[in-house]
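Residue numbers (our numbering): 91 to 653.
Note that beta-carbon positions come from the ideal geometry of N, C-alpha and C, so glycine has one too.
Please read these numbers as outputs of a predicted model, since none were measured by experiment.
Right, here's the structure in full:
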């Protein structure tokens, strides 16, 4: 019997939460980090991780320290084998819709499906056009107040159509919002110099080799949506006399995002309204280091935080200077993804502190995961599970969870949407295809497994794994019946006659599943007019003739130039 985790308002509670009120549904916080492989979190016990330059390291000085996430993972649970897609756009589409690319058509960062919209215009197949039930829509249907904070990356979509009540984010590809920011020139933008497109650091006027981006770390570009103190629906931050006075070189984007989130949580708790926070943090993503523009730092430093055994102490940043020459006065860390992971751990501690202050810790579900593998290691990689193996932690101290600590099960981030639907009490239409499976039965009963297989994708490449075998995007098969100390060094299977009957049987099962999702070649786009279909066919034909065989991605282009 399906276990329902929701409340029938004013009637009864069926969540197993220790709540103050029988009418209050549990709050949901989903912290979706950026470009962080499972191996970067010490809880996963990989003997290899990423150094500041990218790649592999066993140097302990580059090992992240995550006491708060560790505690949450042990008191809640964490998943040994959680998969996303191998790169950000299709992974975020999977999270937003609970569906795979055969439906939403976001195959990889270079191949986002087109469709003819209601105005008869050929444009990006937006997720709300392909999928009527996105996570924001489900939260709204369930009676939740909702906030979207952090990275948007929804191409040219109209952000408000994702049904979030409030937002604080970098506009990214939302072209209607990405207007000139009057507060900061920390931006890499294309300019024509001698008739040639050149990427320029607007802060110091120097040409750079990178991809177009607006700073989401220091002196960040921050757009507000429907904020109580805003005069407009969409408005650049800082937007008040006080915030304008405080804004400057020492302003750190992740701090700004979290401040707005914590304020939202406090307001909604006082209103006695359940809330859903979708926090798509930029932390983990490499970026231009505007404070050190001459250095080739892959991950810019963060404010310094130190764990004293019970709490974090944060050093207030003090960044002075201008036009590319800055002094951090020892208040900013060196570069490296380990510092980003450390700062995420600090921010999670602030979430927990606020939950305790508001007395909602026993009525809140906290999910932590990431969108794909680490840049310079797994991001965009179809090899083994380098690109798609991400951390996944569930923490819900008020829920009667039957699972604690490490769980040797299979979880896909497509599972988050149906999980949220079950928590919020929203029933999806029977004829509406969802590729994820709710985690609630596994988390709250004696059910020993969650799902039988995992799926990921990158353009025409498909990855799939079960409990004993894995097929990567290069059509290589691996024996995953035993764990690997670096989380990827599994024995390759080249002679199936030496495999176990269980492995042969599972291989056949996985191969029978793949054709259902393998629609990249025959149906890469959404519904479109006959005229637009001819136009697309002609464009693709000409492009293939010009480029010839597709080559691998170049350095600094692993995310297709997206934020």
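Check	Outcome
Let me know if residue 429 comes out buried or exposed under the rule of 16 or more other beta-carbons within 10 Å of its beta-carbon.	buried
Which partner residues does residue 367 have in the DSSP bridge list?	119 and 237
So, is residue 402 buried or exposed, given that buried needs 16 or more other C-beta atoms within 10 angstroms?	buried
Pick helix, strand or coil for residue 79, following the three-state DSSP scheme.	Given a span of 91 to 653 for the chain in the structure shown, any question on residue 79 remains unanswerable.
Between which two residues does the alpha helix (DSSP H) carrying residue 478 extend?	Where residue 478 is concerned, there is no enclosing alpha helix (DSSP H), given that its DSSP letter is neither H nor E.
Count the other C-beta atoms from every protein chain shown that fall within 10 angstroms of the C-beta of residue 242, then say buried if there are 16 or more, exposed otherwise.	buried
State the Cα-Cα distance for the pair residue 628 and residue 487, rounded to the nearest angstrom.	56 Å
Apart from the five residues on each side of it in sequence, which residues of its chain come closer than 7 Å, Cβ to Cβ, to residue 574?	580
Tell me which same chain residues have a C-beta within less than 8 Å of the C-beta of residue 624, skipping the five on either side of it?	none
So, is residue 332 buried or exposed, given that buried needs 16 or more other C-beta atoms within 10 angstroms?	exposed
Quick check on the burial criterion: 16 or more other C-beta atoms within 10 angstroms. Buried or exposed for residue 523?	exposed
Cβ atoms of residue 187 and residue 219: under 8 Å apart, would you say?	no
Secondary structure at residue 337, three-state DSSP: helix, strand or coil?	coil
Let's see if you can read the secondary structure: which residues bound the alpha helix (DSSP H) around residue 507?	506-514
Taking the beta carbon of residue 348 as the centre, do at least 16 other beta carbons fall within 10 Å, making it buried, or is it exposed?	buried
Using only CA atoms, which one of 140, 120 and 119 lies nearest to residue 127?	140
At which residue ranges does the stretch 121-190 contain complete alpha helix (DSSP H) runs of 4 or more residues, listed in the order of the chain?	157-165 and 178-187
Hey, residue 157 and residue 435: beta-carbon distance below 8 Å or not?	yes
Which of the three DSSP states, helix, strand or coil, is assigned to residue 633?	helix
With a threshold of 16 other CB atoms inside 10 Å of the CB of residue 118, please say whether the residue is buried or exposed.	buried
Taking the beta strand (DSSP E) that residue 287 belongs to, which residues open and close that run?	286-291
Alpha carbon to alpha carbon, how far is residue 293 from residue 281? Give it in angstroms, no decimals.	14 Å
Would residue 171 and residue 544 be called neighbours here (beta carbons separated by less than 8 Å)?	yes
Near residue 174, what residues of its chain come up, given a Cβ to Cβ distance below 6 Å and the 5 sequence neighbours on each side ignored?	181, 461, 462, 478, 480 and 503
In whole angstroms, what is the alpha-carbon distance linking residue 516 and residue 223?	10 Å
When the Cα of residue 125 is compared with those of 422, 167 and 371, which residue comes out closest?	371
Confirm, please, whether the CB-CB distance from residue 339 to residue 411 is below 8 Å.	yes
Count the other CB atoms, across all protein chains shown, that sit within 10 Å of the CB of residue 298; report buried if there are 16 or more and exposed otherwise.	exposed
On the CB-based measure, 16 or more other CB atoms within 10 Å of its CB, does residue 309 come out buried or exposed?	buried
Go to residue 258, then tell me how far its alpha helix (DSSP H) extends in each direction, as first and last residue.	Where residue 258 is concerned, there is no enclosing alpha helix (DSSP H), although the beta strand (DSSP E) it sits in stretches over 256-260.
Here's a check: name, in chain order, each residue in its chain whose Cβ is nearer than 6 Å to the Cβ of residue 560, leaving out the five neighbours to either side.	568 and 570
Taking only the alpha-carbon atoms, compute the straight-line gap between residue 95 and residue 300 and give it to the nearest angstrom.	At residue 95, the pLDDT of 35 sits below 50, so the modelled position is not reliable; the number obtained from the coordinates is stated separately. Straight-line Cα distance between these residues: approximately 46 Å.
Run the CB neighbour count on residue 150, radius 10 Å, all protein chains shown included, and call it buried at 16 or more, exposed below.	exposed
Expressed to the nearest angstrom, what Euclidean distance is found between the alpha-carbon atoms of residue 497 and residue 375?	27 Å
Relative to the C-alpha of residue 426, which residue among 472, 130 and 527 is closest?	130
How is residue 276 classed by DSSP in three states: helix, strand or coil?	coil
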